[in-house]
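*Asks:* Residue numbers (the working numbering), protein chains in the order written: chain A, 1 to 533; chain B, 1001 to 1113.
Virtual Cβ for every residue (Gly too), placed ideally from N, Cα, C.
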């Protein structure tokens, strides 16, 4: 019955069309449409011939404007990505606070906030000058206090201060990475001093070696080394070494000098990790970091006109994080028979750290492979630290240090032969090729030289710095302070209050006593003991 | 006879006290996070440069069922290990318990410990 109606439906329409009114309406609509189309075509032809002369006369001006747009477009790109990198601070705060115990939450948060402020000032004063000022292969010495800066930075065409902001966000990331392994027992005074050393000196000076003008690693100028690498340059696209290996190994030095938190027993001694206090915060932090990485890696082209490049970098970044997260989960499952959120977060971050160096030069397939290996490097790294009795509450050393080394080396294996990003596209004059894509061993050797230099120099220098801080202002908080919790001992307030029994007695504001009579006396110091629980 | 020993101590002393009691053969306890005040009165904390008083201080309360012969020993162990000598160390007390039953087996009295 149904098919019968369907078949005969056109017949019905046809019958209706034979009616006079229907025919009238049809002709009116059809005729109107035709008139409209003809009018539009006529207008297009007419206008074109009318404007033809003017358009060709304007071509030169239009091209000129396009050239003038290159620098603003690239500057906008760099600024937007700088903002994304800056937002990684929020990710670090959430991740580190969540993975720590509740008693040191305020400490972790303030550490990140303080670091950001301190880093900004130091980087403005001399950090940026050390890193990106002209000088020799080891250190730069122009642009102190951002004096004497040109309009744009180098050949990038990016506004100088936009470039500064982008690099500040990177420096800030490095110094925050460091704090991850030192959570829970570092006194705040010690924190201030080592943070100043990291963001004012260690990071910028090593950064100059790789990214600075004439940096000896980035240009491979030292003689016996460049014969070893057959002239291949050490390449670190967005900072697997410069930011993450540096941050990770300073963190390792800090954790070694500090020693483990009180009550932390290691696996060899029949213990295990101290549990995190808020995995909601921790895992959201990991995802915020992932989001911020879309500034970290794609922004490092410093050029939006290399549009195929930024697309590739963004996709590679994503794929590496995905495969690393998956591999880390499945790597840990057979051991604990549990689906582990903590290792998933650490794993995906390891993938992001690893892809940071090679993201521009590898294919999506390469990115998946690099991430997959990082997903194994991170849990193995955590095991290794456990065995050496190094207490790293957040996993900073495994994620940033070890995965950073792997990422740096992976470029020498997986680079497929892309060029170098420039202000208005890609420079194909020198292609970066790794071992698996017919580039031979030279790039891998260069990566090895860079990574090894970083590990040795940074670990040595930061061990000295950490010991110096320990011997002078003190690195570790007192035993009582640590047992009580850094929040109350160092910062005067816990992150989480039980709200009954307090909040009615803001003594400095009102000066009135509490219902217990403790308020006004508290100010006089009677009956109330400070800093004790 | 069974006694209930209750102790309110500083939170960070809990591990130490627990280890000492386990070492002395006391095999169970119940722990709760509590808040209270005694002579310590409360304590002051700071926020945005302002000082405020927290009237109730966080403590940990232990409840331990022990055989009457062990009461003094348990109280001594807790008193020694939880002591810091500063205000706010807490209190320990013991009370008689009329009946105790282990739920799984139905054992009663000292056998239930």
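1. At a CB-CB cut-off below 8 Å, which residues of chain A make contact with residue 1045 of chain B?
2. Sorted by chain position, which residues of the same chain lie with C-beta nearer than 8 Å to residue 491 of chain A's C-beta, five sequence neighbours on each side aside?
3. Please list, in chain order, all residues of the same chain as residue 149 of chain A whose beta carbon is under 7 Å from its beta carbon, the five residues on each side excluded.
4. If the cut is a Cβ gap below 7 Å, which residues of chain A does residue 1015 of chain B touch?
5. Run through DSSP, which three-state label would residue 1047 of chain B get?
6. Since residue 269 of chain A and residue 175 of chain A are thought to touch, with beta carbons under 8 Å apart, how far apart are those beta carbons, to the nearest angstrom?
7. How many whole angstroms separate the CB atoms of residue 220 of chain A and residue 446 of chain A, which I take to be in contact at a CB cut-off of 8 Å?
8. If you follow the beta strand (DSSP E) that residue 384 of chain A is part of, which residue opens it and which one closes it?
9. Whole angstroms is fine: what's the gap from residue 285 of chain A's alpha carbon to residue 92 of chain A's?
10. Any residues in the segment 89–112 of chain A with a beta carbon nearer than 7 Å to a beta carbon of chain B? Which ones, in chain order?
11. When the distance is taken between beta carbons, is residue 320 of chain A closer than 8 Å to residue 371 of chain A?
12. Does DSSP put residue 268 of chain A in a helix, in a strand, or in coil?
13. I'd like the ranges of any beta strand (DSSP E) spanning at least 3 consecutive residues and lying wholly in the segment 246–324 of chain A.
14. Roughly how many whole angstroms lie between the Cα atoms of residue 121 of chain A and residue 145 of chain A?
15. Using a Cβ cut-off of 7 Å, pull out every chain B residue sitting near residue 483 of chain A, in sequence order please.
16. With distance defined between alpha-carbon atoms, name the residue in A:391, A:347, A:395 and A:363 nearest to residue 373 of chain A.
17. Counting pairs of beta carbons, one from the segment 449–460 of chain A and one from the segment 63–75 of chain A, are three or more of them closer than 8 Å?
18. Nearest by alpha-carbon distance to residue 335 of chain A: which of A:140, A:383 and A:295 is it?
19. Can you check which of these residues, B:1047, B:1074, B:1044 and B:1023, is closest to residue 1005 of chain B by C-alpha distance?
20. Just the C-alpha distance for residue 497 of chain A and residue 238 of chain A, rounded to the nearest angstrom, thanks.
21. Just checking, does the segment 399–408 of chain A make contact with the segment 426–441 of chain A on the three C-beta pairs under 8 Å criterion?
22. In this structure, how does DSSP classify residue 1004 of chain B when only helix, strand and coil are distinguished?
23. So, helix, strand or coil for residue 1031 of chain B, using DSSP?
24. Between which two residues does the alpha helix (DSSP H) holding residue 352 of chain A run?
25. Please tell me whether residue 83 of chain A and residue 288 of chain A are closer than 8 Å, where the distance is taken between their beta carbons.
26. In this structure, how does DSSP classify residue 490 of chain A when only helix, strand and coil are distinguished?
27. Which residue comes first and which comes last in the beta strand (DSSP E) that contains residue 429 of chain A?
28. Pull up the DSSP beta-bridge partners for residue 140 of chain A, would you.
29. When the Cα atoms are used, what is the spatial distance from residue 1022 of chain B to residue 444 of chain A?
30. Identify whether residue 1058 of chain B lies in helix, strand or coil by the three-state DSSP scheme.
31. Roughly how many angstroms lie between the CA atoms of residue 309 of chain A and residue 363 of chain A, to the nearest whole one?
32. Under the three-state reduction of DSSP, which class applies to residue 213 of chain A: helix, strand or coil?
33. Give me the DSSP bridge partner(s) of residue 1093 of chain B.
34. To the nearest angstrom, how far is it from the Cα of residue 1008 of chain B to the Cα of residue 1081 of chain B?
*Replies:* On the basis of the data shown:
1. Locating residue 1045 of chain B in the second chain gives position 45, where the first residue counts as 1. Result: 488, 492, 493 and 494.
2. Here the question's residue 491 of chain A lines up with position 491 in the first chain. These residues qualify, in order along the chain: 106, 107, 110 and 188.
3. Locating residue 149 of chain A in the first chain gives position 149, counting from the first residue. Excluding residues within five positions, the ones whose Cβ falls inside 7 Å are 143 and 160.
4. Sequence index remark: in the second chain, residue 1015 of chain B carries index 15 (1-based). In chain order: 263.
5. As a working note, residue 1047 of chain B is residue 47 in the second chain. Strand, per DSSP.
6. Working through the first chain from its first residue, we reach residue 269 of chain A at position 269. Working through the first chain from its first residue, we reach residue 175 of chain A at position 175. Not quite, the Cβ-Cβ distance comes to about 32 Å (not below 8 Å), so this is no contact.
7. Translated into the one-based positions of the first chain, residue 220 of chain A becomes position 220. Translated into the one-based positions of the first chain, residue 446 of chain A becomes position 446. Residue 220 of chain A to residue 446 of chain A, Cβ: 6 Å. Contact.
8. Start at 1 with the first residue of the first chain, and residue 384 of chain A comes out as number 384. Note, residue 384 of chain A: premise wrong, no beta strand (DSSP E); alpha helix (DSSP H) at 364–387.
9. For the purposes of this step, residue 285 of chain A is identified with residue 285 of the first chain, where counting begins at 1. For the purposes of this step, residue 92 of chain A is identified with residue 92 of the first chain, where counting begins at 1. Going by the C-alpha atoms only, they are around 6 Å apart.
10. none
11. On the first chain, position 371 is the one that residue 371 of chain A refers to. On the first chain, position 320 is the one that residue 320 of chain A refers to. Yes, they are a contact pair.
12. Taking the first chain and counting its residues from 1, one reaches residue 268 of chain A at position 268. In this structure, residue 268 of chain A counts as helix in the three-state DSSP scheme.
13. none
14. Working through the first chain from its first residue, we reach residue 121 of chain A at position 121. Working through the first chain from its first residue, we reach residue 145 of chain A at position 145. Cα to Cα, the separation comes out at about 9 Å.
15. Here residue 483 of chain A refers to the residue found at position 483 of the first chain. Those within 7 Å of residue 483 of chain A in chain B are 1012.
16. For the purposes of this step, residue 373 of chain A is taken as the residue at position 373 of the first chain. The candidate whose alpha carbon is nearest that of residue 373 of chain A is A:347.
17. no
18. Here residue 335 of chain A is taken as the residue at index 335 of the first chain, counted from 1. Minimum Cα distance to residue 335 of chain A is reached at A:383.
19. Counted from its first residue, the second chain places residue 1005 of chain B at position 5. When only C-alpha atoms are compared, the closest one is B:1074.
20. In the first chain, counting from the first residue as 1, residue 497 of chain A sits at position 497. In the first chain, counting from the first residue as 1, residue 238 of chain A sits at position 238. Between residue 497 of chain A and residue 238 of chain A, the C-alpha separation is close to 41 Å.
21. no
22. Reading the second chain from its first residue, position 4 is the one you call residue 1004 of chain B. It is a strand residue.
23. Start at 1 with the first residue of the second chain, and residue 1031 of chain B comes out as number 31. It is a strand residue.
24. Position 352 of the first chain, counted from the start, is the residue given in the question as residue 352 of chain A. Segment 341–356, the alpha helix (DSSP H) holding residue 352 of chain A.
25. Locating residue 83 of chain A in the first chain gives position 83, counting from the first residue. Locating residue 288 of chain A in the first chain gives position 288, counting from the first residue. The answer is no: Cβ separation not under 8 Å.
26. For the purposes of this step, residue 490 of chain A is taken as residue 490 along the first chain, with counting starting at 1. If DSSP states are grouped into helix, strand and coil, residue 490 of chain A belongs with the helices.
27. Residue mapping note: residue 429 of chain A aligns to position 429 of the first chain, counting from 1. Looking at the DSSP string, the run of the beta strand (DSSP E) that includes residue 429 of chain A is 425–433.
28. On the first chain, position 140 is the one that residue 140 of chain A refers to. Note: residue 140 of chain A sits in a beta bridge opposite A:135.
29. The residue labelled residue 1022 of chain B in the question sits at position 22 within the second chain. The residue labelled residue 444 of chain A in the question sits at position 444 within the first chain. Approximately 56 Å between the Cα atoms of the pair.
30. Translated into the one-based positions of the second chain, residue 1058 of chain B becomes position 58. Strand.
31. As a first step, residue 309 of chain A is located in the first chain; it is residue number 309 there, counting from the start. As a first step, residue 363 of chain A is located in the first chain; it is residue number 363 there, counting from the start. Distance between the alpha carbons of residue 309 of chain A and residue 363 of chain A is about 11 Å.
32. Residue numbering aside, residue 213 of chain A sits at position 213 when the first chain is read from its first letter. Note: residue 213 of chain A maps to coil in three-state DSSP.
33. Numbered from 1 along the second chain, position 93 holds the residue referred to as residue 1093 of chain B. Bridge partners of residue 1093 of chain B: B:1006.
34. Here residue 1008 of chain B refers to the residue found at position 8 of the second chain. Here residue 1081 of chain B refers to the residue found at position 81 of the second chain. Whole-angstrom Cα-Cα distance: 13 Å.
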